Structures are given as structure tokens and as C-alpha cells.
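Colleague: Converting from the sequence shown to this note's numbering requires adding 63 to each position, the first position being numbered 1.
Glycine included, C-beta positions come from ideal geometry on N, C-alpha and C.
Remember, predicted model here, so these are calculated numbers, not experimental data.
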Amino acid sequence: MMLVIEDSFITASGYTEQELKLEIAVMLFEKEKLSLRKAAALAGMHWLYFMKELDKREIALHYDESLL
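And the structure:
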């Protein structure tokens, strides 16, 4: 299944498509709905770069074997 977000919503958010994907991925990771690797994939990033982004935002990593 694929989620499609109309361009008007992306424009209204003030984010680029890539920035919005990152924001959604960070939010889902922070709420413990996605693992680190799945959130990174949603953001279109390598998981190490996603970890750096989380660190920059001072978001704690949840260590659990299922996250990696």
C-alpha cells in the first residue's frame, strides 16, 4: 500500500517533500511506532544519518533488538 499526500498539503506544511517525510519518520520513531531502520527508510536516509538527526534533535534512542 502507498500513502499519497497531495501537493497542496505539502505546500501548506511549509516543508519540502523530503523534509515532510523526515518529520513524519521522526515523529513515528519518537512515538515508538517505527523501528530505527524503518523510520530511516521512510525518511529516505541511511540509519546512521537518521541516528545523527535524532541526536541533533535530542531525541533518545530506544534500544531494543527489534529496532535494529
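Take every Cβ of the stretch 68-83, pair it with every Cβ of the stretch 93-104, and state whether three or more of those distances are shorter than 8 Å.
Modeller: Short answer: they don't touch.
Colleague: Skipping 5 residues on each side, what residues in its chain have a beta carbon closer than 6 Å to that of Ala88?
Modeller: Closer than 6 Å at Cβ, skipping near neighbours: Ala102, Leu105 and Ala106.
Colleague: Can you have a look at Leu111 and say buried or exposed, based on whether 16 or more other CB atoms are within 10 angstroms of its CB?
Modeller: Per the 10 Å Cβ criterion, exposed.
Colleague: When we look at the beta-carbon of Phe113 and count the other beta-carbons within 10 Å, is it buried (16 or more) or exposed?
Modeller: Phe113 comes out buried.
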